[in-house]
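Novice: Chains as they are written, first to last, in the numbering used here: chain A, 1 to 352; chain B, 353 to 795.
Ideal Cβ positions, reconstructed from N, Cα and C, are used throughout, including at glycine.
(1) Do the CB positions of residue 556(B) and residue 696(B) come within less than 9 Å of each other?
(2) Counting only Cβ-Cβ distances shorter than 9 Å, please list the residues of the segment 739 to 770 of chain B near chain A, keeping chain order.
(3) Any contact of the segment 705 to 716 of chain B with the segment 583 to 600 of chain B, i.e. 3+ C-beta pairs under 8 Å?
(4) Buried or exposed, going by whether 16 or more other CB atoms sit within 10 Å of the CB of residue 759(B)?
(5) State the start and end residues of the unbroken alpha helix (DSSP H) segment that holds residue 568(B).
(6) For residue 291(A), list the residues DSSP reports as bridge partners.
(7) Roughly how many whole angstroms lie between the Cα atoms of residue 783(B) and residue 764(B)?
(8) 9 Å is my cut-off, CB to CB: does residue 684(B) come that close to chain A?
(9) What whole-angstrom Cβ distance do residue 578(B) and residue 737(B) have, given they're in contact under 8 Å?
(10) Return helix, strand or coil for residue 168(A), following the three-state DSSP convention.
(11) By Cβ distance below 6 Å, which residues in the same chain neighbour residue 102(A) in space, the five residues on each side in sequence not counted?
(12) Compute the Euclidean distance between the alpha carbons of residue 768(B) and residue 499(B), then round it to the nearest angstrom.
(13) Residue 541(B) CB to nearest chain A CB: under 9 Å?
(14) Kindly say whether residue 609(B), judged by its beta-carbon, lies nearer than 9 Å to any beta-carbon of chain A.
(15) Straight-line CA distance for residue 476(B) to residue 451(B)?
(16) Do three or more CB pairs link the segment 110 to 117 of chain A to the segment 481 to 496 of chain B at distances below 8 Å?
(17) By the DSSP assignment, the beta strand (DSSP E) with residue 537(B) in it spans what residues?
(18) Taking the beta carbon of residue 630(B) as the centre, do at least 16 other beta carbons fall within 10 Å, making it buried, or is it exposed?
(19) Would you call residue 123(A) buried or exposed, if buried means 16 or more other Cβ atoms sit within 10 Å of its Cβ?
(20) Could you pull the DSSP bridge partners for residue 191(A) from this structure?
(21) Between which two residues does the beta strand (DSSP E) holding residue 811(B) run?
(22) Under DSSP, the alpha helix (DSSP H) around residue 600(B) begins and ends at which residues?
(23) Of the residues 83(A), 118(A) and 63(A), which one's Cα is nearest the Cα of residue 72(A)?
(24) Give me, in chain order, the residues of the same chain whose beta-carbon lies closer than 7 Å to that of residue 418(B); leave out the 5 immediate sequence neighbours on both sides.
(25) Rounding to the nearest angstrom, what Cα-Cα distance links residue 506(B) and residue 584(B) in this structure?
(26) Can you look up residue 654(B) in the DSSP assignment and give me helix, strand or coil?
(27) With 16 other CB atoms within 10 Å as the buried threshold, where does residue 635(B) fall?
(28) Run down chain B in chain order and give the residues with a C-beta less than 9 Å from the C-beta of residue 74(A).
(29) Given a limit of 9 Å on CB to CB distance, which residues of the segment 305 to 332 of chain A reach chain B?
(30) Mind pulling the chain A residues with CB within less than 7 Å of residue 487(B)?
(31) Quick one: list the residues of chain B neighbouring residue 81(A), beta-carbon separation under 8 Å, in chain order.
(32) Quick check on residue 677(B): does DSSP put it in helix, strand or coil?
(33) Cβ closer than 7 Å: which chain A residues qualify as neighbours of residue 503(B)?
(34) Provide the residue span of the alpha helix (DSSP H) that contains residue 635(B), from first to last.
(35) Considering just the uninterrupted stretch of the alpha helix (DSSP H) at residue 783(B), what are its terminal residues?
(36) Less than 9 Å separating the beta-carbons of residue 306(A) and residue 273(A)?
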């Protein structure tokens, strides 16, 4: 995202303006060599220590309570009614600043990893966060899935030949490294659909990313990376014998163009909504039985990613268990500046 | 636990704490920079690559999982999905999946699946879905607390339930005009007309499930070529009749399940360890009512454990879904949408008996706020061709009441499917009203 012309123009401005602008840190790093990258990981044990049932979180009107309420309300308005007793919340201190990182989830998931990186120099930089979840093997699908809600006179449409075996949502939030009254906030969900008496499954995954706005209009910040992936949960790889199809097959269209795509497997079919986006890379891997979508670009807006994956289980009594990952990177600078020219960091960890 | 001090008064900026002359110089320089930025140097602060976004800002919160656009009518924003036919056409069918209390753009209803299952309809008509207003409206102060207090009173069979119900109607503005949470006759037609203008389409057909019959009546003033109503809510029925008929139909469904053998694959009994509230008789009665909404596969899987009382997890979940409970004692505003429209559609609601709990009492209790809301007569004047699907086994919209609501002269199709969710009979009705006959393209 280096913009030499812009950097040159601003550098000339700084010279003209003299001391005042040269003292403004936002310009200091433009074109300079990249500062070091700091990386931290919270593993499963550390996260388990930081996890509490949401019912035990303080209810004195603090930020935790507001975040839990936001999560519950968001879900209710999407037609998902979540009991607070089924909610967990993990809070860890941000390793590179005064803030905190939190996760809220409402199903029988395991929060496996949280990775954070930061690269900063003179109040401009980039920060990225990634989270890995697995469906708890002991309880995968045990809750079942019940359709319909309310006393109302109406009902949804059921897919042909498939039933929803399990589903869940998780939210990751963290304070931005710039002044803001908001959190960065991403909610990622899955639905696992089964065809009775067969080996056929469809795994539907989606995620929404909403970047925190700065308190100050002269601060700039952009989302530059948003990626979701899913793959068989470590130790349960043998439960999946293959993937038959996936959608989107390739990246096309634009983000405001939301279509419906039907996946068909063994006479059953499921139509899933699909946002189509520029700057996307589709990441299917037939050998690893995994799928993902990587969005790279520069935006101040909300982002939405989704995909569907047709699975064939090892046999008709085996339940596939998947792990999900979500990753987002935000670049920022305070006061007028170009997009920080630091190279985008790619999360290359193969052990997720 | 904030990352950095939040501004209590004057915001902290990059120049804070520096001498005044420095700030002045910086302001001058900033002005110069901004002036220049209006021209060629604007690019750095507004990066070049095509920005991704979710389109219409009105569709970002709450998030949607369906195509979404919006129009403004009467100073309010209305969200909708328009699924275009394969070939360009202005012909459009308004599809209403009933409710009230459905979040039609949430993805839960699978609009694309509906379209895929009925290609003969979707190939000829654009399909229009309009979202109920409750999804994007915040409850006023005191409303959420009133809902919680009402729910607790009903659960506990407290004598205060009637007063708490009246408080819900008052604090949450249930039944106010224009309606805050649900559609109303005056606004619904205006919203549809605004969408037609914006999208360049013409609504000539109507497909509605269940409560959609009431929305269909809202459109009485506008011409429609044809309408299909699936398991329609009985227009003109009184609250007492609805409660009695639903209680009777629920008993019939429960008896049928109790006398049947457990289906293969029926869910094993389990507890509900993560539920905030204990599973009580109130939940069991509520769950029995909730069974009517399940599709055939879910009914086979869950009903035996619910009817026998052994599957406490399913009982708790079905009860919560019926009452739209989340968190601890939060009730979704979807319930307000239900009250907004149902209270007005049928007056004369019965009171539950105190402390003697049966299915009819739970149904009566759910409508206690309606006793503070005026009903208004619904139009039953049909324009164009009309076909109805009913089922003798449907426990949500009892067939006998529905049949009484519509003239015998309209086309009727009978379905054996007992699930209220079923679209069985839609294809037959579409043929009866001539919706599938070739029509010259209107461009």
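Specialist: Reading off the structure:
(1) no
(2) 748 and 749
(3) yes
(4) exposed
(5) 564 to 570
(6) 230(A)
(7) 12 Å
(8) yes
(9) 4 Å
(10) strand
(11) 91 and 173
(12) 38 Å
(13) no
(14) no
(15) 26 Å
(16) no
(17) Looking at the DSSP string, residue 537(B) is not in any beta strand (DSSP E); the run it does join, the alpha helix (DSSP H), is 537 to 551.
(18) exposed
(19) buried
(20) 167(A) and 204(A)
(21) This structure cannot settle anything about residue 811(B), because the visible part of chain B is limited to 353 through 795.
(22) 591 to 611
(23) 83(A)
(24) 433, 457, 459 and 463
(25) 28 Å
(26) helix
(27) buried
(28) 413, 414 and 415
(29) 306
(30) 77
(31) 672, 673, 676, 677, 678 and 684
(32) strand
(33) Result: empty, since nearest Cβ-Cβ is about 13 Å, beyond 7 Å.
(34) 633 to 642
(35) 778 to 784
(36) yes
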